[in-house]
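A quick write-up on the structure given underneath.
In the UniProt record's numbering, the protein residues as written are 1 to 141.
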């Protein structure tokens, strides 16, 4: 004789739909964060290896050498990759680091706008999606 297991009082026996969507989006955010990190590293390598690849039309108040920007993107990309793995494994530091480094990536790509505008806008938008997905997901304790 088998009996069906009853859900605990006050619970419906399953994760609410909104949390399920947020959890799925959080995994997608980790994969997206990993992708953005790899692409940032490649962008940084391109900037360090060949300064003439990126063209600036107007002088801006903040002026960094393209090689400096390349190193900034390489370091940010590496930390994005580390935070993506932390997020995928569900570590407690993974969520905070992912949100923080995505915010720094938004700032860096805003400052990178004069060099490569369409890429910067795309990365800013993707980082906003990543921050939303991670911030709205509440993992079960």
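All residues carry an ideal CB built from backbone N, CA and C; glycine is no exception.
Note that the C-beta distance between residue 86 and residue 102 is not below 8 Å.
Per DSSP, reduced to three states, the secondary structure at residue 113 is coil, with no helix or strand assignment. Relative to residue 71, the option among 82, 83 and 49 whose CA is nearest is 49.
Apart from sequence neighbours up to five positions away, the residues of its chain that approach residue 131 with a beta-carbon distance below 6 Å are 99 and 102, ordered along the chain. If you look at residue 85, you'll find it in the alpha helix (DSSP H) that goes 66–89. Here residue 81 has 34, 37 and 38 as same chain residues with Cβ atoms under 7 Å from its own Cβ, once five neighbours each way along the sequence are excluded. Looking from the CA of residue 124, the closest CA among 65, 44, 94 and 40 belongs to 40.
Annotated three-state conformation of residue 43 is helix, per DSSP. With contacts defined as CB atoms closer than 8 Å, residue 25 and residue 47 fail to qualify as a contacting pair. Annotation: residue 113 to residue 120 spans about 6 Å, alpha carbon to alpha carbon.
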